[in-house]
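Protein chains: 4
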Amino acid sequence: MTTESEKLNFSCDYLEGCHPNILQRLMQTNLIKMNGYGEDPCSKSAQDRIRKACGAPGAEVRFLAGGTQINAVMIDALLASYQGVIAAESGHVAVHEAGAIEAGGHKVLTLPGKDGKLSADAIRAFVEDFAADPNHDHEVWPGMVYLSQPTEFGTLYSLEELTAISKVCHDNRLVLYVDGARLAYALASPENDVTLPDLARLCDAFYIGGTKCGALCGEAAVVPHPELIPHFFTIIKQHGALTAKGRLLGIQFDELFRDDLYLHIGGSAVLYAQELKKALQEKGYPLYLDSPTNQIFFVIDSRQRERLSAQVEFSIFEKLDADHYAARLATSWASSKEDVKRLIALL
Amino acid sequence: MTTESEKLNFSCDYLEGCHPNILQRLMQTNLIKMNGYGEDPCSKSAQDRIRKACGAPGAEVRFLAGGTQINAVMIDALLASYQGVIAAESGHVAVHEAGAIEAGGHKVLTLPGKDGKLSADAIRAFVEDFAADPNHDHEVWPGMVYLSQPTEFGTLYSLEELTAISKVCHDNRLVLYVDGARLAYALASPENDVTLPDLARLCDAFYIGGTKCGALCGEAAVVPHPELIPHFFTIIKQHGALTAKGRLLGIQFDELFRDDLYLHIGGSAVLYAQELKKALQEKGYPLYLDSPTNQIFFVIDSRQRERLSAQVEFSIFEKLDADHYAARLATSWASSKEDVKRLIALL
Amino acid sequence: MTTESEKLNFSCDYLEGCHPNILQRLMQTNLIKMNGYGEDPCSKSAQDRIRKACGAPGAEVRFLAGGTQINAVMIDALLASYQGVIAAESGHVAVHEAGAIEAGGHKVLTLPGKDGKLSADAIRAFVEDFAADPNHDHEVWPGMVYLSQPTEFGTLYSLEELTAISKVCHDNRLVLYVDGARLAYALASPENDVTLPDLARLCDAFYIGGTKCGALCGEAAVVPHPELIPHFFTIIKQHGALTAKGRLLGIQFDELFRDDLYLHIGGSAVLYAQELKKALQEKGYPLYLDSPTNQIFFVIDSRQRERLSAQVEFSIFEKLDADHYAARLATSWASSKEDVKRLIALL
Amino acid sequence: MTTESEKLNFSCDYLEGCHPNILQRLMQTNLIKMNGYGEDPCSKSAQDRIRKACGAPGAEVRFLAGGTQINAVMIDALLASYQGVIAAESGHVAVHEAGAIEAGGHKVLTLPGKDGKLSADAIRAFVEDFAADPNHDHEVWPGMVYLSQPTEFGTLYSLEELTAISKVCHDNRLVLYVDGARLAYALASPENDVTLPDLARLCDAFYIGGTKCGALCGEAAVVPHPELIPHFFTIIKQHGALTAKGRLLGIQFDELFRDDLYLHIGGSAVLYAQELKKALQEKGYPLYLDSPTNQIFFVIDSRQRERLSAQVEFSIFEKLDADHYAARLATSWASSKEDVKRLIALL
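Protein chains in written order, with numbering that gives the first Met the number 0: chain A, 0 to 346; chain B, 0 to 346; chain C, 0 to 346; chain D, 0 to 346.
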C-alpha cells in the first residue's frame with residue numbers, strides 16, 4: 000500500500016517484501032538449530048509439498064536464490080558443452096541476464112516470438128532446418144527449448160500449445176525447460192489452463208518463482224525425473240548457488256505451498272491488472288499486446304509519458320517511434336485496491 | 000539454545016537464523032515499496048555504514064548472497080583471463096567450492112600454509128620462482144592472493160603479517176583479496192589487531208561475511224578503489240549473483256552495522272570457543288592447532304568420537320591415522336552459555 | 000587442376016595444398032634446428048615482412064593455426080568478461096564456429112547485415128539504443144565490432160565504409176576487429192580500395208588469412224598497438240593455440256609475404272570468379288548477390304541443381320523456396336583456367 | 000644435423016621439421032583437390048592405419064594440431080561440468096598448459112608423483128578418501144585420470160602398472176586418458192612393454208603424438224569406444240581445433256603409420272639418449288632420475304652450467320639449491336650421431 004503522500008509505484012512486481020506468513024515462520028524458527036545446505040526440516044517439508052502440488056512424487060526439488068542464477072544453473076546442468084538453448088528473442092535468458100548463459104559456455108539460439116511466445120511449428124522448423132543443413136556439424140546443436148510461463152510479456156501458453164511444444168521437443172531429443180519466475184500469476188489467471196502437474200508431466204525441468212510471487216528471495220527447481228541431472232547438488236555449489244542457510248529458502252516455499260497458497264497468491268494482482276487494462280482501453284490508450292496476467296503493456300505518447308511519470312512509477316519497455324513508447328504497469332500479490340483505484344483515476 | 004531433550008549441535012556456525020534486529024526490521028519494512036537490485040534506501044544506508052566502519056568513504060560496497068558466490072564473482076572480476084589466484088592448500092576456494100573458481104576459468108595456485116595461513120615469504124618465493132622460470136609464459140600467471148581472515152582453521156593474520164603480505168602483493172602487481180566469511184569472529188577476538196580500516200587500507204578487495212555472522216544470508220563486497228572493477232553491477236548480474244529484492248541484503252547489513260553491532264556480534268562465540276578450548280585441554284584432548292576465534296580443532300580417538308557423537312553434533316575434519324581424527328567444534332553468535340556448559344560436562 | 004576423368008570441384012577455396020614456394024622452403028629448412036613457439040628466424044622474418052606490408056612497424060604479429068581458433072582467441076583477448084561482440088547475422092563467428100565464442104564466455108550480438116556487411120549507421124544505432132536503455136546494466140555490454148573482409152558472401156567494405164565504422168567504434172569505445180580469412184581475395188579484387196596499411200590504421204586488430212589463401216594452415220594476427228593485449232603469448236597458449244613448431248607457420252607467411260606475393264596470390268581466383276559470374280548471368284542464372292571476389296552466389300532450381308551436381312561439386316548455401324536454392328561457386332589461388340573453361344561449358 | 004660452426008642444440012625434441020616421407024607426400028599431393036575437415040582420403044587412410052596398429056577396428060580417430068589443444072579438447076569432451084581430472088603434480092596439464100584445462104572449467108586434481116608417474120595405489124587412496132569425506136559434495140568430483148606415456152620426465156608406465164591403474168579407474172568410474180605427446184619414444188624404448196593395442200584396450204582415450212615424433216604438427220586422438228564422445232566433430236570445432244585442410248594432418252599420420260614407421264621412428268633418439276646418459280654418469284654427473292626414453296635429466300652445478308651453456312643449448316628444469324640445477328638433454332628422431340658424439344666430447 001502506498002500512503003497518499005507517496006508516489007504510486009507500479010514499475011515491477013518485486014517492490015515489496017514477502018507474504019506475512021513467511022515472516023512469522025522466520026520469527027518462530029529463528030533460534031532453532033538446523034543443518035545447512037537444504038538438509039533442514041523446513042526445506043524437506045517444502046520439497047514434499049511441492050512434489051505433491053506437482054503430482055510428481057519422485058521429482059527432485061531444489062531451492063536457489065534468484066532467477067538468472069537458476070536459469071544459468073539449469074541450462075548448464077541440462078546441456079552438453081556443444082549444445083545451445085532455443086529461446087524467443089524476448090526471452091529473459093536472451094536479453095536480460097547479462098550473458099549469464101554464454102558465461103556458462105552456451106549459445107542462446109533465438110527465434111522470433113509472437114507476444115513473447117514460441118510456437119511448436121517454429122521450433123520444429125528450426126530443428127528440421129538445422130538437421131537438413133549440410134554444415135550443421137559446424138554449428139551449435141540445439142539441445143533445449145526455454146519457455147517462460149507467463150512470458151516476459153505476461154502472455155500464457157495454453158495447455159494445447161505446451162503439449163504441442165513438449166511433443167516437438169521429445170520427438171527431437173530437446174529438453175523442455177520452463178522459467179516460472181512469475182508462475183503464480185499464470186496459475187491465478189482465469190485464462191490459464193496449465194497446472195503444476197501439467198508442467199511436471201510435459202517439461203523436463205521447470206522452476207517455480209518465489210521472488211516475484213510472495214517470497215523475499217528464492218526459486219524452486221523441479222526436475223520430475225532426477226536421473227536427468229546427476230550430482231545436481233555439486234553443480235549448484237559449483238555455480239555459487241548453494242544457500243548455506245537453506246532454511247531461508249525452505250521456510251519460504253514451505254509457507255508458499257502450505258494450503259496451496261501459491262496457487263492463489265497471484266489472484267488479486269491478476270484481477271487488478273485486468274482492471275487496469277480495462278481502464279487503459281476505456282481511456283483510449285492502445286494496448287501494446289493483450290496480457291491475461293499481472294503485467295499490462297500499452298502505448299503512450301511523450302506528453303502522456305511526462306504527465307503520468309510525475310505521479311506514478313512505471314516502466315518504459317521500448318521506444319516505438321519518435322513520439323510513442325511501449326509502457327508497462329505491473330501489479331504484485333501485495334498491490335492494494337486503493338493504489339489501483341488511485342492509479343486508474345490518474346490515467 | 001538447545002532444549003534438554005535435544006542433542007547438542009556445535010557442528011558449524013550457521014545453524015541458527017539471524018540476529019533479532021534483522022527480523023524486526025524485515026517486519027517493519029515489509030510492505031514498503033522499494034526499488035530492486037540494491038537501489039533501495041536500506042542498501043544505501045548499509046553501504047554508507049560499511050564505508051564509515053571501514054574508513055573508506057570512496058569504497059564500492061555490494062551485497063551478494065553467499066560465500067562461494069562472492070569468491071567466484073570477485074576472483075573473476077579481479078583477474079584477467081590468463082591469471083590465477085594464489086591460495087593456501089586449505090583455502091576455501093581451493094577445496095570446498097566445488098570448482099567454482101575453475102568454472103570461471105581460473106586456476107587456484109596452491110601453496111602449503113601453516114595453520115591455514117600463507118606467509119609473505121612464501122608468496123614472494125612463489126612469484127620470484129615464477130618470474131625466474133624460463134617457461135613461465137606457458138604457465139598460469141599469478142594475479143591475486145586469496146587469504147581468509149579468520150582462516151578456515153580459525154587462525155588470524157596479525158596486522159604485521161597482513162602488512163607484509165600487502166607489500167609483497169603490491170610490489171609484485173598481485174591483487175590482495177580477503178575472504179571474511181567469519182570476519183566478525185576475527186574482529187571480536189582479543190588476539191586480533193586487524194581492523195576494518197586496516198583491511199580497507201591493505202587489501203584491494205575483501206568481503207564482510209554475513210551468513211555466518213548474524214545474517215540469514217549475504218556477504219558484503221568492499222572495493223576501496225572502485226575503479227578496479229568497472230561495470231561491477233553487470234559482472235554480478237552475469238554471475239547470477241544479483242539479488243532482485245536487494246532490500247533483503249541491505250536490511251541485514253544495515254542492522255549488522257547499526258551501532259557497530261558487527262564489531263561485537265562475534266564476542267560471545269569467541270569467548271565460548273576459548274572456554275571449550277581450555278576445557279578440552281584440561282580433559283586431555285590434544286589440540287590439532289590453536290585457534291583464537293570461534294572454531295576449535297582438536298584430536299580425538301575412535302572411542303572418544305563414538306562416545307561424543309552420541310550426544311553432540313560436531314565435525315570430523317580429517318582422519319589423522321587409523322585411530323585418530325581432527326575434530327572441530329564451532330560456536331556462533333547465537334550459541335548459548337547453557338549449551339556450552341552442557342558440552343563441557345560431556346567432554 | 001582437375002584431370003578430365005575427375006569431377007570438377009568448386010565447392011570451396013581450401014581444396015588444394017599450398018603455394019609451391021612454401022613446400023620448397025619447407026624442404027630447404029627441414030633439418031635446420033629452430034627454437035619452438037614462434038622464436039625461430041622464419042617466424043621473425045615473416046613478422047617483419049607483415050609489419051612492413053601493413054606499414055605498422057610497432058605491430059605485434061602472431062601466427063595461429065586456423066580461423067575459428069584465431070577468432071576465439073582474439074575476441075577473448077580483446078573483451079572483458081561482461082562484454083559481447085557485435086557481428087552481422089551472417090558473420091562466421093555467429094554461425095559457423097560451433098559456439099566457440101560463447102564457449103569463451105562471450106555473447107555474439109547479431110545485427111542484420113546487407114549482403115553480409117554491417118553499416119556504420121546500424122552499429123551506431125545499436126550502441127545508442129543500448130546506452131539509452133534504462134536496463135542496459137542487465138545486458139551484455141557491446142565491446143567490439145567483428146567484420147569480415149571480404150565477407151562470408153564475398154562482398155567488400157569500401158575504404159569509406161570502413162573509415163565510418165572505425166569512427167563509430169572509436170567514438171563508442173568499441174574495439175574494431177576484422178576477420179581476413181580470405182583477405183588475399185579482397186586485396187586482389189579490382190573493386191577493392193582497402194589496403195593492409197588501411198586495416199592497420201583503422202582496426203584495433205585483424206588477421207591475415209593463410210589457410211584459404213595459399214597456405215596449408217595458418218592465420219596471422221596483427222595488433223597495431225600491442226599494449227592492447229598484454230600477455231598475448233600466454234593467452235594463445237591457454238587457448239591451446241600455440242604451435243610448438245612455430246616454423247611451420249613462420250615459413251608459410253614468410254613465403255606469402257616475400258616480394259608481396261600475398262597481395263597478388265588471389266588475382267587469378269578473382270578473375271576466374273568474375274568470369275564465372277559473367278557466364279552465369281549470360282546463361283540466365285540470377286545472381287543471389289553480386290560479389291567482386293572469389294565466391295559467386297547464384298540461384299538455381301532443383302532441376303539445374305541435379306544436372307550440375309552430377310558434374311561439378313559446389314555448395315548449396317540456402318534453400319530459398321520449394322524449388323530454388325542459393326548456390327555458391329568458389330575459386331582459389333590454385334584454380335586452373337582449364338577447369339574454369341570446363342565449368343562454364345557445363346553451366 | 001648441426002654444422003661445426005653452429006652451437007649444438009639438445010634443448011628439446013621439436014627443433015627440426017618432419018620426416019622426409021611427409022614432405023615428399025605433401026609435394027606429390029599438393030594440387031590434388033581434397034575435401035576439408037578430415038573428409039579427405041589421406042585422413043581416412045591414416046585413420047585406418049592407426050586403427051589397425053591399435054588393434055581397434057571400431058575406434059574413432061581424429062587429428063588435432065597440438066598437445067595442449069588436444070588435452071583441453073579431450074578433457075572437456077570426457078568430463079561432466081562438475082568433474083575434475085587427476086594428474087601428477089608434474090603432469091603437463093597441471094603445469095605447462097597456461098591454465099587451458101581450467102579455462103575449460105575443470106580443476107586439475109594433483110597428486111604427488113614418483114619420477115612423474117602416478118601409482119594405482121595413490122589413485123585408489125585419493126578416490127577412497129574423496130568418497131569417505133562427508134563434505135565431498137562440496138568438492139570437485141574426480142572424473143578422469145590423466146597419465147602421460149612417457150611422462151614429462153621420460154619415464155614409462157609398465158604394462159603391469161598401466162593395467163593396475165586401468166582397473167582402479169574402471170572400478171571407480173574414472174575415465175583413463177593417456178597423453179602420448181612423445182609416445183614414439185616410449186614405443187621404441189627397449190624397456191617398454193606397453194603396445195598401442197595395450198593402450199587401446201586399457202584406456203578410454205589416448206593420443207598419439209605427432210609434433211614431437213616426426214611430424215610438423217598434429218596429434219591423433221584415439222577413442223576405442225566412440226560412443227563415449229557424442230558429437231566429437233562439433234566439440235573439436237567449438238574448441239577452435241578443427242583443421243580446415245585436414246589433409247595436412249592426414250598426410251602426416253598416413254606417412255607415420257605407413258609400414259609401422261611410428262613404432263620405430265623414435266629408436267635412434269632413444270639409443271642416443273641412453274648413450275648420453277651413460278656418458279654423463281661416466282663423467283660424474285649425477286642423474287636427477289633415470290629415464291629409458293629420449294630425455295635425460297641430470298644434475299649440474301653453476302660452473303658446469305656456465306661452461307656447457309657456452310657450447311650446447313639444453314634446458315634447466317629446476318633450481319635444486321643455491322648451486323645446483325636439474326638439467327635436461329633431449330634427443331629427437333632427427334638427432335644425428337655426429338652431434339651426439341660432439342656433445343659427449345663436451346660433457
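Using N, Cα and C, we set each Cβ at its ideal position, and we do this for glycine too.
Exposure of residue i, with buried meaning 16 or more beta-carbon neighbours within 10 Å
i                : result
Asp320 (chain D) : exposed
Pro149 (chain C) : buried
Gln27 (chain C)  : exposed
Ala99 (chain B)  : buried
His105 (chain B) : buried
Gln310 (chain C) : exposed
Gln82 (chain D)  : buried
Asp120 (chain B) : exposed
Glu5 (chain B)   : exposed
Alpha-carbon spacing of residue i relative to residue j, whole angstroms
i                : j                : result
Val298 (chain A) : Asp12 (chain B)  : 53 Å
Gln303 (chain D) : Glu138 (chain B) : 28 Å
Asp259 (chain D) : Asp192 (chain D) : 17 Å
Ile49 (chain B)  : Leu195 (chain B) : 9 Å
Gly265 (chain A) : Ser157 (chain B) : 54 Å
Ala79 (chain A)  : Gly142 (chain C) : 28 Å
Any C-beta of chain D under 9 Å from that of residue i
i               : result
Gly66 (chain C) : yes
Ala76 (chain A) : yes
Tyr13 (chain C) : yes
9 Å Cβ cutoff, residue i in contact with chain C
i                : result
Ala204 (chain D) : no
Ser267 (chain D) : no
Ala58 (chain B)  : no
Thr330 (chain D) : no
Ser308 (chain A) : no
Glu274 (chain A) : no
Chain B contact for residue i (CB, 9 Å cutoff)
i                : result
Asp322 (chain D) : no
Gly98 (chain D)  : yes
9 Å Cβ cutoff, residue i in contact with chain A
i                : result
Lys318 (chain C) : yes
Pro19 (chain C)  : no
Phe232 (chain D) : yes
Ile235 (chain C) : no
Examine the Cβ distances between the segment 65-73 of chain B and the segment 119-139 of chain B and report whether three or more of them are shorter than 8 Å. Per the Cβ contact rule, the segment 65-73 of chain B is not in contact with the segment 119-139 of chain B (fewer than 3 Cβ pairs under 8 Å).
The segment 25-48 of chain C: positions lying closer than 8 Å to chain D by Cβ: So the list reads Leu25, Met26, Thr28, Asn29, Leu30, Ile31, Lys32, Met33, Asn34 and Gly35, given in the order they occur along the chain.
Of all the residues that make up the segment 82-96 of chain D, which are near chain B by a beta-carbon distance shorter than 7 Å? Residues passing the 7 Å Cβ filter: Gly83, Val94 and His95.
Check whether the segment 208-218 of chain D touches the segment 41-55 of chain C, taking contact to mean three or more Cβ pairs, one atom from each stretch, closer than 8 Å. Contact check between the segment 208-218 of chain D and the segment 41-55 of chain C: fewer than three CB pairs, one atom from each, fall below 8 Å, which does not count as touching.
Along the segment 103-118 of chain A, what residues have a CB closer than 7 Å to any CB found in chain C? Interface annotation for the segment 103-118 of chain A against chain C: Gly104, His105 and Lys106, criterion Cβ-Cβ distance under 7 Å.
May I ask you to verify whether the segment 249-256 of chain C touches the segment 274-292 of chain C, counting CB pairs closer than 8 Å and requiring at least 3? Judged by Cβ distances under 8 Å, the segment 249-256 of chain C makes no contact with the segment 274-292 of chain C, as fewer than three pairs qualify.
Between the segment 132-156 of chain D and chain A, which residues of the former have a C-beta closer than 7 Å to a C-beta of the latter? If the cut-off is 7 Å between Cβ atoms, the segment 132-156 of chain D has Asp136, His137 and Trp140 near chain A.
Contacting positions in the segment 195-222 of chain D - beta carbon closer than 7 Å to chain C: The segment 195-222 of chain D vs chain C, Cβ under 7 Å: Thr210, Leu215 and Cys216.
Below 8 Å, can you find three or more Cβ-Cβ pairs linking the segment 181-190 of chain C to the segment 27-39 of chain C? Contact between the segment 181-190 of chain C and the segment 27-39 of chain C is absent, with fewer than three C-beta pairs closer than 8 Å.
Using 8 Å as the Cβ pair cut-off and three pairs as the minimum, do the segment 8-22 of chain C and the segment 326-342 of chain B touch? Taking 8 Å as the limit for Cβ pairs, the verdict is that the segment 326-342 of chain B does not touch the segment 8-22 of chain C.
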